[in-house]
Structures are given as structure tokens and as C-alpha cells.
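This report refers to the structure that appears directly beneath it.
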Amino acid sequence: MDGWFDQQKRELLRILEKFAEEDGTHDTQVPGLRLIRASRISEPVYSVYEPSLCVVAQGSKIVMLGEEVYQYDPSSFLTASVHLPITGQVREASEETPYLSLQILFDMTQILEILQVSGEAAEVKRETRRGLKISRLNDTLLDAVLRLVKLLETPRDIPVLAPYVIREILYRVLQHENNKSLKQFAVMGSHAQRIAGVIEKLNRDFARPLRVDELAAEARMSASSLYDYFKEVTGMSPIQFQKQIRLQEARRLLLSGSVDAAEAAFQVGYESPSHFSREYARMFGLPPVKDVRRLRSSLIEDLTSHAN
Numbered sequence: 001m002d003g004w005f006d007q008q009k010r011e012l013l014r015i016l017e018k019f020a021e022e023d024g025t026h027d028t029q030v031p032g033l034r035l036i037r038a039s040r041i042s043e044p045v046y047s048v049y050e051p052s053l054c055v056v057a058q059g060s061k062i063v064m065l066g067e068e069v070y071q072y073d074p075s076s077f078l079t080a081s082v083h084l085p086i087t088g089q090v091r092e093a094s095e096e097t098p099y100l101s102l103q104i105l106f107d108m109t110q111i112l113e114i115l116q117v118s119g120e121a122a123e124v125k126r127e128t129r130r131g132l133k134i135s136r137l138n139d140t141l142l143d144a145v146l147r148l149v150k151l152l153e154t155p156r157d158i159p160v161l162a163p164y165v166i167r168e169i170l171y172r173v174l175q176h177e178n179n180k181s182l183k184q185f186a187v188m189g190s191h192a193q194r195i196a197g198v199i200e201k202l203n204r205d206f207a208r209p210l211r212v213d214e215l216a217a218e219a220r221m222s223a224s225s226l227y228d229y230f231k232e233v234t235g236m237s238p239i240q241f242q243k244q245i246r247l248q249e250a251r252r253l254l255l256s257g258s259v260d261a262a263e264a265a266f267q268v269g270y271e272s273p274s275h276f277s278r279e280y281a282r283m284f285g286l287p288p289v290k291d292v293r294r295l296r297s298s299l300i301e302d303l304t305s306h307a308n
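The numbers in UniProt numbering rise by one with no breaks, and the one at position 134 of the sequence shown is 134.
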């Protein structure tokens with residue numbers, strides 16, 4: 001079995017090398033399937049994880065959620081159940097052996113359909129767990145993931161077969177002991193599903209003032225219950241969550257070159273530019289102008305090295 005498992009992983013690596021020839025994130029012809037390649041250890045990258053499954057074929061990566069650190073490699077996989085602001089960093093990569101991974105996006109409608117067909121919807125325990133998990137990759141899940149990625153070599157088969165293979169992949173994830181908590185986020189009325197709604201609202205309306213009592217009322221919880229359940233799912237408080245979303249968006253605006261620091265601060269919801277600058281430096285290590293200058297310089301170096 002170990003020999004078969006290793007052979008499957010080598011085949012997965014072959015296909016990812018074939019369809020992700022350059023560094024970066026690559027959308028594919030399979031809806032919801034992305035391939036990621038990095039030929040060097042990266043700086044911390046701040047982003048928002050969508051509900052997704054991530055599998056590494058080569059190298060390793062760490063993900064930081066709040067104060068928690070998660071690491072995954074070819075022996076494991078990551079699942080994100082809700083939109084979460086994270087810090088990711090490729091830890092093992094080189095020109096000779098680049099980091100290669102894939103991401104499969106999904107939504108709770110797909111999860112709920114599987115639970116209904118399998119008859120498990122009524123059996124889901126209404127508890128609340130962390131929205132990010134690292135689990136050990138097993139042979140049945142690897143086999144299904146490989147069959148999905150292989151469809152890239154026969155694109156005419158994608159419209160017919162991809163939806164069924166993705167459904168099998170999600171079913172395999174749900175059957176994994178470590179990922180049973182994923183089911184909670186699809187069940188209407190569960191605490192996890194209500195918190196997912198709060199997270200969606202914060203991601204959408206991050207520039208507006210945060211009023212916990214209003215969020216709690218919409219979630220049909222007390223303010224203290226909302227705080228506790230929110231922290232259980234995300235590893236941070238609603239205010240910390242909003243701050244990360246705001247600062248990540250501000251950094252994106254500054255890198256685009258369309259606004260200055262004061263305007264970026266205003267657009268993401270800060271009334272005081274000096275307060276924004278302090279919080280920005282606390283998160284990214286440098287004040288806005290210096291941070292953006294460093295990032296652009298690093299980008300130019302990367303482009304120059306690849307050109308050579």
C-alpha cells in the first residue's frame with residue numbers, strides 16, 4: 001500500500017509540474033481548482049482563505065491564524081470551513097524542488113447536499129470548532145484528488161466528470177474523523193452556521209464600525225455567546241478579525257498605487273491616519289509607505305532574477 005501511495009503522490013506531482021510551470025497561483029479549466037507554485041521560501045503573505053481544501057504535492061507551508069501556527073506538507077491536507085484572514089508562508093522550496101500544491105474551493109451548499117444524500121444532516125452534532133484544520137492525507141482522498149487533477153490532461157471530460165469527482169472529494173473529507181466539524185457550518189441554525197454568517201458580514205462590511213450587539217442580534221445570540229463562539233471558530237475576537245481584514249485590504253490598495261496612506265486608511269474604516277499607521281506597522285512590521293516600498297523592491301528583484 002505504501003508503494004501505491006507513493007506512486008500516486010509522484011503522479012500528482014508530475015501533473016502539477018506540467019500545469020504550473022511558473023511561480024504563482026494558476027486557475028485551471030476545472031472550476032474551483034487552483035494550482036500554486038513557488039520556487040523559493042516566501043515572505044509571510046497575508047490573505048483571506050476561502051472555504052477550501054489544500055493539498056501539497058511538494059515542499060511545505062505554514063499558515064498562521066491569530067496566534068496559532070499550522071504546518072502542512074505532502075503527508076497532510078488543510079481544510080478551511082469559512083473565510084479566514086491568515087498569514088501564509090512557504091517554508092520548503094527551491095528552483096530544483098519547487099513548492100507545488102493545489103486548492104479546491106467549495107461552498108456550504110455542496111456540503112449540505114452531501115449530508116442530505118448520505119442521510120447525515122439530522123445527525124450532525126451542533127457544536128462549534130475551529131474553522132481551520134490540518135489532517136493526515138489518506139489513500140482514498142488522494143486517489144480522488146488525483147483523478148480530479150488528471151482531468152486537466154483530458155479537458156473534454158471536465159464538464160461531465162469534474163462535478164462528480166469534486167463531490168466525492170468533499171464526501172471523503174467529511175468522512176475523515178478530523179473534519180467532521182466541517183459539517184456544522186452547513187447545518188441551518190447551528191452555532192457554527194450562525195458564526196459563518198457573522199464572518200461573511202464582517203468580510204463584506206469591514207469598513208463599517210463594529211457593533212457586537214447588532215451582530216449578536218442578527219446571529220440570535222447574546223453578545224458574550226457571540227464572542228465565545230466566534231473565537232472558537234476563528235481563534236480571534238470579532239475586533240481582531242475586522243482589524244486583520246481592514247489592514248490586508250489597505251495594503252492591497254497601497255500596492256495598487258491608486259491611493260495614499262491617508263486615503264487607504266479612510267477607505268477601510270479608520271478615522272485617524274496616525275492610528276491606522278500604528279496598527280499597520282504592528283501587523284506588517286513597517287509603517288505603510290516603507291512597507292509598500294520594500295514590497296515593490298522585493299517584487300522587482302524577483303522579476304529580475306526570473307528574467308535572468
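Ideal Cβ positions, reconstructed from N, Cα and C, are used throughout, including at glycine. Keep in mind it's a predicted model, so treat the numbers as computed, not measured.
**Asked** Nearest to K18 by alpha carbon, out of E50, I41, A57 and V117?
**Response** A57
**Prompt:** Whose C-alpha, out of V160, R147 and L53, is nearest the C-alpha of L12?
**Reply:** R147
**Request:** Could you name the residues of the same chain whose beta carbon sits closer than 6 Å to that of D291, not counting the 5 residues immediately before and after it, in chain order?
**Result:** F284
**Asked** Between which two residues does the beta strand (DSSP E) carrying V45 extend?
**Response** V45 to Y49
**Asked** What is the DSSP secondary structure of T25, reduced to helix, strand or coil?
**Response** The answer is strand: DSSP assigns T25 an E or B state.
**Asked** How should R211 be labelled, buried or exposed, when 16 other C-beta atoms within 10 angstroms of its C-beta is the threshold for buried?
**Response** exposed
**Item:** Straight-line gap, D186 to E249 (C-alpha atoms, nearest Å)
**Value:** The sequence as given places Ala at residue 186; Asp does not occur at that position. Approximately 28 Å, taken between the alpha carbons.
**Asked** Is I41 near R91, with beta carbons less than 8 Å apart?
**Response** yes
**Item:** C-alpha distance - S274 paired with G88, whole-angstrom precision
**Value:** If you take the alpha carbons of S274 and G88, they lie about 27 Å apart.
**Request:** Rounded to whole angstroms, what's the CA-CA distance from L161 to M108? Just pull it up for me.
**Result:** In a straight line, the C-alpha of L161 is about 21 Å away from that of M108.
**Request:** Leaving aside the five residues before and after residue 309 along the sequence, list all residues of the same chain whose C-beta is less than 6 Å from its C-beta, in chain order.
**Result:** The requested residue 309 is not part of the displayed model; the chain covers only 1 to 308.
**Prompt:** If you run the structure through DSSP and keep just helix, strand and coil, what is M64?
**Reply:** strand
**CA-to-CA distance, K231 to T28, given in whole angstroms** = 34 Å
**Message:** Taking contact to mean 3 or more Cβ pairs, one atom from each stretch, closer than 8 Å, check whether the region 51-69 and the region 186-195 are in contact.
**Reply:** no
**Asked** Does DSSP put residue 332 in a helix, a strand or coil?
**Response** Beyond the ends of the chain as shown, which are 1 and 308, falls residue 332; an answer cannot be given.
**Request:** Look at the Cβ atom of R34, then the Cβ atom of Q103, and state whether they are nearer than 8 Å.
**Result:** yes
**Item:** Rounded separation between T154 and L137 - CA only
**Value:** 25 Å
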